[in-house]
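The block underneath contains the structure these notes are about, expressed in structure tokens.
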Amino acid sequence: MQPSLNRRLRAAQRGLTLVEVMVMLLVLGMLAAVALPKYADLNKRARIDRLRATAQTMQVVSGLVRATAVSRQIDCHSAAAAQVDLDEVDIALVHCLPQATADFEHGILAAARIRADDGWQLSLEPGRKGGTGPGATLAIEVTDAPMAPHCALAYTAATAGSTAQVELLSAGC
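For what it's worth, our numbering labels the leading residue of the sequence shown as 225, then goes sequentially.
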């Protein structure tokens with residue numbers, strides 16, 4: 225009985241054959257080929273959802289800033305420089321809505337609490353660099369996007385005849 229027990233122990237300890245290892249690698253390779261495109265698509269969808277959420281935040285905050293300005297009796301028909309204090313942050317205004325200033329300290333970016341260290345960068349595209357006047361357009365881009373200028377939000381400050389606009393650019397996400 226001893227010899228058959230030794231044979232069984234040796235058979236149990238022999239491990240995987242080369243063919244079994246190759247089949248396992250082939251199966252793992254096929255699973256990776258199916259999973260990687262879905263993973264890349266998840267990153268794209270996450271960036272687009274981030275843009276949407278931030279755009280909604282900008283719109284809500286613009287309304288809150290306008291309500292605060294009206295309650296403080298600021299003349300909304302004037303493009304004169306004005307500001308309101310929103311949670312101890314000074315927000316620069318144009319027509320009672322946040323300015324499109326190209327910094328993270330004033331205007332719409334400060335009002336919406338958008339920060340560079342949260343993965344945003346200011347656009348360097350002509351016509352999208354922001355400003356303090358009516359109708360100025362400021363774009364912020366997602367820093368880890370494949371084509372950052374085309375994965376961005378563009379905020380256009382209010383003018384005398386229109387309200388502020390937020391445009392979502394997601395083709396490069």
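Ideal Cβ positions, reconstructed from N, Cα and C, are used throughout, including at glycine.
Keep in mind the model is a prediction, meaning the values are calculated, not measured.
| query | result |
| --- | --- |
| Compute the beta-carbon to beta-carbon distance between A316 and H301, rounded to the nearest angstrom, for a pair I have assumed lies under 8 Å. | Not a contact, Cβ separation roughly 17 Å. |
| Is the beta carbon of Q345 within less than 7 Å of some heavy atom of the ligand HEM? | No copy of the ligand HEM occurs in the structure displayed, which carries no ligand at all. |
| May I ask which residues mark the beginning and end of the alpha helix (DSSP H) holding I364? | Premise fails: I364 lies in the beta strand (DSSP E), T361 to V366, not in any alpha helix (DSSP H). |
| With 16 other CB atoms within 10 Å as the buried threshold, where does Q323 fall? | buried |
| Just to confirm my understanding: we take P373, look at its own chain, exclude 5 residues before and 5 after, and list those with CB closer than 7 Å. What are they? | S347, E349, E365 and G396 |
| Going by the beta-carbon positions, is the gap between C292 and V308 smaller than 8 Å? | Checking the sequence shown, residue 292 turns out to be Thr, not Cys. Yes, these two residues count as a Cβ contact at 8 Å. |
| Across which residues does DSSP place M391 in a beta bridge pair? | Before going further, note that residue 391 is Glu rather than Met in the sequence given. DSSP output for E391 lists A378 as bridge partner(s). |
| Determine the DSSP secondary structure at Q280, reduced to helix, strand or coil. | helix |
| With a threshold of 7 Å on Cβ separation, who are the neighbours of G359 within its own chain once the five nearest residues in sequence on each side are excluded? | T380, A381 and T383 |
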